[in-house]
RNA sequence: GCCGGGGUGGCGAAAUCGGUAGACGCAAGGGACUUAAAAUCCCUUGGGGAGCAAUCCCCGUGCAGGUUCGAGUCCUGCCCUCGGCACCA
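Residue numbers (the numbering used here): 8 to 810.
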């Protein structure tokens, strides 16, 4: 036998990466595709540490799917770009004392090299970076469209202020009261004028559409939770002062048990409702609460505090006068900022009532001591509603109060409007000019982009004003409407706005006169398949959906959901913990690729565990993949020696081949890459065992393997005499009959316990199998002469004899 | 507290509809080849027990019950763990 060349991954991977680039195999015809398939992965943030294995895990999984679709005959567009603006980049730049405008291009260069090295099927013609003025021009343009439509607006609001970042951060970037990027820094409460996007206007649609999106359930659940829909009613409580207090409640059936009321300390009616003699105490309490940061108010001390206002409201159901209080456990941002307190049936109200000795009245019968929150009980102490199940009573009570104008059905959402202002430098300037006469005016579209000036002193300070304000010649500008001296908005926009539309830009990167080309967009969007991490379930994915919906309403795109199909991948952890620089457990793939080659490393990551679950990175298993690829290498080189018309495969190998094609096809489609790889391994083991190599056994295998190990498959495909890329080959088809042919082993149970195995031909009847089973010695031993009372037969699988 | 994943050998994991638990791989042990090692190939490998042996029996998928001819899978109640939300009315 001729000596096969050694498998040298470094050499063949270089060879094929160069050839793919030369022959433009990864560049579909964007204008005339026959079967367009937009295969998208979440683009990376180009950190200084470079691509880590977590990125590579996600990108490999996406790339395998793209290559699989390519082999199935689709024109696959798999673009790549960089999410390079943002506080994260800026903080890093500050820490190393280099300007981000210098640092980011270097990082991107590293990422490019790594992404090319691992063999991603990227169309580099359409690379983008969010920091490119050619890109963020259109980020600003989107802001202006939303501004014109009234969907971007300014609002004085309690915002989260991170003292480390020295900037406002969105609710989504606050984790348990701590800054997402500074887990040891508590976020403070500040009142500032900020730009918001009106995402809450779309809450219902964002929620409802989830039902018809083909998304991972886990992701949909996270979004549902985040949007936080509650059904209930708004009830009106009159006061002697004439002021009416509206409350939101999910339990209008308990209104007879409302024995006091609580307003948020910031509630606008507090002044009106405070009795003169209580004013000092009330004001002191309000100051005390304001001094607290959002965190200690929300997640810190849960001890109930509050003060009595010295006045009363009338319970609309009972007509009783009930005392009015303010307390910081009621939040101005949710509902109406005021509640009716039902201490018998709400845990928080109960704690408060107990602390301040307020009366507690049960209105739902229950065996538990108060507070009982059950909705299964029967109404008591509730006038004409006594005896009704409280679920049914909800509607009746609302209807009864509605007649007097004291109730309306109401839906509340937990979702807040999206605060996009950042008092920082490294982002797209918000394209607004303030004029004393005209107010905030949008920068005219012909003047876009508002270029981020290259300033050396970009360090933020605690003033709440962006560093851009220090740049005088940039700051002062003529009002586009009246020509008077105006001032530019100095805040930049949230980096999540950059990433909320990048998928729209990819197919149209060469156009500078439009954000996206209508025809290209009609051809390629919405995105056919999107794969990414669940850490973006409520940030990026929700924002992108909102921006797309708004753009659709404004007539700029033809669809309202950008990602009809989304799959969440798992997380690669290390030693049981999330990889992070601070833990020092970040794994960089370069050394592994250097040692084992990209193909081995790609497959190793996919074999680690289920793609949607992720797994713990440990190096040990990698040799198993290399051994497998060595075997494929050897089989293929042996096959080059067999004639083109090689003899037919033995029946067992042929059957296994068809079963393997079936399984690899199904598993790759569902992203179950670990079991697809296992199936290919089984097949190779069988072929070797049977000594049944040859072209017929190997060529279909190489195509199945091509998405996983593209370089190796190309090399072997060429060695077998093909002169076009393996990615022009058709995905193999299987014959269900051949996959099923042959004998089957049937398990014989007696009373549910396995007592024997029979080999019969496929499709054997129950009678035949029973007859055979009763001849089997070990089966007879357990039947032991007793009459068979019942038989259960599962075709081609199992027979159970019950005696 | 609420909402979701998940708990299977020494390890990573498999197991369409309820139908042979542990595929595939790692590690480990034994053997072959070799002067030797590496590589490669072959065998063994959930636990316990019986037997000279081929082989056979019992137990086993977090815990306790249940449904079923049959449960890793379905139901009830717990425990642990990971993730999300959280004074959200």
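We put the CB at the ideal spot given by N, CA and C, even for glycine. Predicted model only: the values in this text are computed from it and were never measured.
Query - Range of the contiguous alpha helix (DSSP H) that encloses residue 720 - result: On the first chain, residue 720 is found 713 positions in, with the first residue counted as 1. Here the alpha helix (DSSP H) through residue 720 covers 717–726.
Item to check | At least 3 beta-carbon pairs within less than 8 Å: the stretch 612–627 vs the stretch 95–110 | outcome: no
Report, in whole angstroms, the separation of the C-beta atoms of residue 431 and residue 500, which I expect to be a contact under 8 Å.
-> Residue 431 sits at position 424 when you count from the first residue of the first chain. Residue 500 sits at position 493 when you count from the first residue of the first chain. About 10 Å separates the two Cβ atoms, so there is no contact after all.
On the three-state DSSP scale, how would you describe residue 666? Numbered from 1 along the first chain, position 659 holds the residue referred to as residue 666. Helix.
Practice item. If I'm right that residue 42 touches residue 80 with Cβ under 8 Å, what's the distance once you round it to whole angstroms? Key: Here residue 42 refers to the residue found at position 35 when the first chain is read from its first residue. Here residue 80 refers to the residue found at position 73 when the first chain is read from its first residue. Right, their Cβ atoms sit about 6 Å apart.
*List the endpoints of the continuous beta strand (DSSP E) containing residue 318.*
As a position in the first chain, residue 318 is number 311, starting the count at 1. That run of the beta strand (DSSP E) goes 314–321.
Unbroken beta strand (DSSP E) run spanning residue 46, endpoints = Numbered from 1 along the first chain, position 39 holds the residue referred to as residue 46. Residue 46 -> beta strand (DSSP E) spans 43–48.
Sorted by chain position, which residues of the same chain lie with C-beta nearer than 6 Å to residue 229's C-beta, five sequence neighbours on each side aside? The count along the first chain starts at 1 and reaches residue 229 at position 222. Here the set comprises 544 and 545.
Please state whether DSSP places residue 159 in a helix, a strand or coil. Position 152 of the first chain, counting from 1, holds the residue named residue 159. Strand.
Between residue 196 and residue 166, what straight-line distance do the alpha-carbon atoms span, to the nearest angstrom?
Counted from its first residue, the first chain places residue 196 at position 189. Counted from its first residue, the first chain places residue 166 at position 159. If I take the Cα positions, the gap works out to 6 Å.
First through last residue of the alpha helix (DSSP H) which encompasses residue 696:
On the first chain, position 689 is the one that residue 696 refers to. Residues 680–696.
Exposed unless 16 or more other CB atoms sit within 10 angstroms - verdict on residue 469: Position 462 of the first chain, counted from the start, is the residue given in the question as residue 469. Per the 10 Å Cβ criterion, exposed.
*asked:* Given a cut-off of 9 Å on the beta-carbon distance, is the pair residue 126 and residue 605 in contact?
replied: Against the first chain, residue 126 aligns to sequence position 119. Against the first chain, residue 605 aligns to sequence position 598. Going by C-beta atoms, residue 126 is nearer than 9 Å to residue 605.
Just to confirm, are residue 759 and residue 802 a CB contact at a threshold of 9 Å?
The residue given as residue 759 occupies position 752 in the first chain. The residue given as residue 802 occupies position 795 in the first chain. Their beta carbons are not under 9 Å apart, which means residue 759 does not touch residue 802 by this criterion.
- Going by other Cβ atoms of all chains shown within 10 Å of its Cβ, with 16 needed for buried, is residue 269 buried or exposed? Against the first chain, residue 269 aligns to sequence position 262. Buried, by the Cβ-count rule.
Put residue 22 into one of helix, strand or coil per three-state DSSP.
The residue given as residue 22 occupies position 15 in the first chain. Note: residue 22 maps to helix in three-state DSSP.
**Item:** Where residue 648 falls, given that 16 or more other Cβ within 10 Å makes a residue buried
**Value:** As a working mapping, residue 648 is identified with position 641 in the first chain. Exposed: under 16 other Cβ atoms inside 10 Å.
Legend entry - Burial state of residue 577 (16 or more Cβ within 10 Å): Along the first chain, one-based indexing puts residue 577 at 570. By the neighbour-count rule (16 or more Cβ atoms within 10 Å), residue 577 is buried.
Cβ neighbour criterion (16 or more within 10 Å) applied to residue 120: On the first chain, residue 120 is found 113 positions in, with the first residue counted as 1. Exposed, because fewer than 16 other Cβ atoms sit within 10 Å of the Cβ of residue 120.
Counting only runs of 4+ residues fully inside the stretch 346–421, write out the alpha helix (DSSP H) ranges in chain order. 354–363 and 397–409
key: Closest residue to residue 360 among 332, 371 and 370 (Cα-Cα distance)   = Within the first chain, the letter at position 353 stands for residue 360. When only C-alpha atoms are compared, the closest one is 332.
Among 662, 376, 433 and 632, whose alpha-carbon lies nearest the alpha-carbon of residue 746? Within the first chain, numbered from 1, the residue matching residue 746 stands at position 739. Comparing Cα positions, the closest option is 662.
Could you tell me the distance, in whole angstroms, from the CA atom of residue 529 to the CA atom of residue 514?
Residue 529 sits at position 522 when you count from the first residue of the first chain. Residue 514 sits at position 507 when you count from the first residue of the first chain. Approximately 10 Å between the Cα atoms of the pair.
- Assign residue 219 to one of two classes, buried (16 or more other C-beta atoms within 10 Å of its C-beta) or exposed (fewer than that). The residue labelled residue 219 in the question sits at position 212 within the first chain. Label assigned to residue 219: exposed.
Note to self: Closest to residue 597 by C-alpha separation, out of 139, 62 and 521, would be which residue?
What the structure shows: Residue mapping note: residue 597 aligns to position 590 of the first chain, counting from 1. Ranking 139, 62 and 521 by Cα distance to residue 597 puts 62 first.
- prompt: Buried or exposed: where does residue 740 fall if 16 or more other Cβ atoms within 10 Å of its Cβ makes it buried?
  reply: Sequence index remark: in the first chain, residue 740 carries index 733 (1-based). Exposed, since its Cβ has fewer than 16 Cβ neighbours within 10 Å.
* Taking buried to mean at least 16 other C-beta atoms within 10 Å of its own C-beta, is residue 480 buried or exposed? -> Here residue 480 refers to the residue found at position 473 when the first chain is read from its first residue. Result: exposed.
> Going by DSSP, what residues sit across from residue 499 in a beta bridge?
Replying inline: By one-based count along the first chain, residue 499 stands at place 492. In the DSSP output, where bridge partners are listed per residue, residue 499 has 429 and 436.
Check residue 734 in the structure and name its three-state DSSP category. In the first chain, residue 734 corresponds to position 727, counting from 1. Residue 734: helix per DSSP, three-state reduction.
Practice item. Within its chain, find whatever has a CB closer than 8 Å to the CB of residue 804; leave out the 5 residues flanking it on each side and keep chain order. Key: Here residue 804 refers to the residue found at position 797 of the first chain. The residues are 751, 753 and 754.
Practice item. Can you give me the Cβ contacts of residue 250 inside the same chain, cut-off strictly under 8 Å, excluding the 5 residues immediately before and after it? Key: Position 243 of the first chain, counted from the start, is the residue given in the question as residue 250. The residues are 276, 279 and 280.
- Please classify residue 804: does DSSP put it in a helix, a strand, or coil? On the first chain, residue 804 is found 797 positions in, with the first residue counted as 1. Coil.
Between which two residues does the beta strand (DSSP E) harbouring residue 218 extend?
-> The count along the first chain starts at 1 and reaches residue 218 at position 211. No beta strand (DSSP E) holds residue 218; DSSP gives it neither H nor E.
To the nearest angstrom, how far is it from the Cα of residue 174 to the Cα of residue 423?
Residue numbering aside, residue 174 sits at position 167 when the first chain is read from its first letter. Residue numbering aside, residue 423 sits at position 416 when the first chain is read from its first letter. Cα-Cα distance, rounded: 19 Å.
Quiz item: Is it the case that the CB of residue 788 approaches a heavy atom of the ligand FMN more closely than 8 Å?
Solution: This structure lacks the ligand FMN, and indeed carries no ligand of any kind.
- Query: Do you know offhand how far residue 798's Cα is from residue 665's?
  - Reply: Taking the first residue of the first chain as position 1, residue 798 is located at position 791. Taking the first residue of the first chain as position 1, residue 665 is located at position 658. Taking the straight line from one Cα to the other gives about 33 Å.
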